[in-house]
Each structure stands twice: as C-alpha cells, then as structure tokens.
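Written below as structure tokens is the structure these notes are about.
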Amino acid sequence: MSFIEKLNKRYAVKKFDDTKKLSAQQLDDLLTAVQLSPSCLGLQQYRILVIEDQATREKLRGAAYNQQQITQASQLIVFAAETNIDDAYGKKYIDRIAETRGIDRANLAQFEQAVLGTINSRNPDDRVIWAQKQAYIALGVLVSAAADMGIDACPMEGFAPEKFDEILGLREKGLTASVIATIGYRAEDDAYSKLVKVRKPKSELFIHI
Ligand SMILES: Cc1cc2nc3c(=O)[nH]c(=O)nc-3n(C[C@H](O)[C@H](O)[C@H](O)COP(=O)(O)O)c2cc1C
C-alpha cells in the first residue's frame, strides 16, 4: 500500500477495540518516529507522556468530555509543552549537540547565541505558545507514522488542559498539556471508519505562485 493509500485509510478513530493492544515493539517504533520530529532549532520544547494506567485514564476521560477513546485505546499520549524555557534550557541543548556530535563546545558559541537570542526574543507566555506549536508538529508526525505502521490514532483537542495539568501533576514538572492523541486499533463497528473523507479540493487548498 502506498503512503497516500495509508493516509486515505487512516481516520480519527472514535471507537477503539479495547481488546487490541500495541506490542512493546510497535509502541517503541512509533515513539522513535515521534522522537525524530523536527522542532524549532531542534529544541524539542515538550515532553510526551505515554499513559497506559487505566485509573489515570478514567480520571482524564472526565476532563475530556467523556470521550471514550481515552479509556478504550491501547495508549493515551499527552503532548505537554515546556513552561520554563530559559537560558539554562538552551545551554543544555548546546551541551547535548557538543556531546552527541563530538564537537568542541566553543565551536558552537555562535549557534548558542542564536538559540539564546531566539528564546529571549519571546516573553515567557509566548515561549509556551512556541513550545505548543512544536508539540503539534510532533502530533502530526505521530499521526502520519501511525498510519504508515498500520496503527490507528485519534488526534484530540477536546479536553481541558488545566484539568489534565492537575491530574497529571504537570505544573510542578514545568509542563502544560497542549494536545493529546489516542493510539490502538479501530473497532470493527466504528461507523466513522466507513465515511468518505471530506477535504477541500486542491484548487481551494493550495496556492501556486
Ligand atoms: C488538533 C486536532 C484535534 C482534534 N480533536 C478531536 C477530538 O477531541 N475528538 C475527536 O474525536 N476527534 C478530534 N480530531 C479529529 C478531527 O475531527 C479529524 O481529524 C477531522 O475531522 C478529519 O477527519 P479524519 O482525520 O478522520 O480524516 C482532532 C484533530 C486534530 C488535528
């Protein structure tokens, strides 16, 4: 099946088969794809929670308009934006580049200034919005990678972030819930899986200049 065929087959699952779980290998492969998501400057300004615990998911479902995917899916993924992006955060990233690529840190001084300058050009609230945008890119990678791997997913914004933050203790960790996704396998009787996709025609979507 081509990638386009896989994207046509995927849909935002409304009803998961709660007897079907991802294998540990499938979950790890999917998370590897998400780990490889691009992000502004490569900062990966988010953490990603992989939630299997059913009791926690029951609580979260109540904070997500009671959407059944939260408890039915194999896993619930919460993309949480970093709320304390500061100089130390930027410097840690430079340390990681130096270590990973075996580069003398001094040779990264110019890039370090660019990273710190980009961070400091935003006020703290804008840095959170910035981080949330990056989290959405990771969500997009998850949805596309899942489709490629034959795993079903539902990207979800229908939840109360402040309640998720509270239930998951995210504020104390310097995080805030941005967007979530459920992953697993569709239920055979999910009516939505049979619906034809509704998309703008290319003439209304793309502007070629
Ligand atoms: C950011 C985002 C938030 C969404 N939130 C929800 C949600 O809370 N619940 C839900 O069932 N679907 C949600 N969806 C799924 C969309 O409704 C769905 O992707 C869209 O209608 C297109 O349908 P398709 O993905 O099945 O092709 C969300 C999708 C995105 C990208």
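Each residue of the sequence shown is one higher than the last, beginning at -3 in the numbering used here. No residue lacks a Cβ here, since even glycine has one placed at the ideal position from N, Cα and C. Remember, it's a predicted structure, so these values are computed and weren't measured experimentally.
C-alpha gap between residue i and residue j, whole angstroms
i, j, result
"residue 15", "residue 204", "46 Å"
"residue 49", "residue 105", "44 Å"
"residue 169", "residue 78", "9 Å"
"residue 171", "residue 160", "11 Å"
"residue 55", "residue 163", "7 Å"
"residue 174", "residue 193", "26 Å"
"residue 101", "residue 131", "28 Å"
"residue 5", "residue 148", "10 Å"
"residue 202", "residue 195", "12 Å"
"residue 109", "residue 94", "15 Å"
"residue 135", "residue 35", "12 Å"
"residue 90", "residue 157", "31 Å"
"residue 183", "residue 87", "46 Å"
"residue 63", "residue 167", "24 Å"
Per-residue DSSP class, three states only, for residue i
i, result
"residue 63", "coil"
"residue 115", "helix"
"residue 74", "strand"
"residue -1", "helix"
"residue 176", "strand"
"residue 167", "helix"
"residue 46", "strand"
"residue 97", "helix"
"residue 8", "strand"
"residue 195", "coil"
Sub-8 Å separation of residue i and residue j beta-carbons
i, j, result
"residue 138", "residue 9", "no"
"residue 127", "residue 61", "no"
"residue 176", "residue 18", "no"
"residue 11", "residue 143", "no"
"residue 141", "residue 45", "no"
"residue 37", "residue 96", "no"
"residue 13", "residue 188", "no"
"residue 155", "residue 51", "no"
"residue 33", "residue 133", "yes"
Candidates the options: closest to residue i by CA position
i, options, result
"residue 150", "32, 70, 55", "70"
"residue 68", "186, 4, 197", "186"
"residue 39", "183, 1, 92, 4", "92"
"residue 84", "7, 18, 35, 112", "112"
"residue 212", "57, 25, 21", "What the structure shows of the chain is the stretch from -3 to 205, and residue 212 is not part of that stretch, so it cannot be assessed."
"residue 0", "202, 183, 145", "145"
"residue 121", "81, 5, 102, 32", "81"
"residue 178", "23, -2, -3", "23"
"residue 207", "65, 63, 75, 66", "Coverage of the chain is limited to positions -3 through 205, which leaves residue 207 absent and any answer about it impossible."
"residue 190", "7, -3, -2", "7"
Below-8 Å beta-carbon distance, residue i vs any chain D residue
i, result
"residue 89", "Looking at the structure shown, chain D is missing, and only one protein chain is on hand."
3-residue-minimum beta strand (DSSP E) runs that sit fully inside the region 110 to 164, ordered along the chain:
148 to 152
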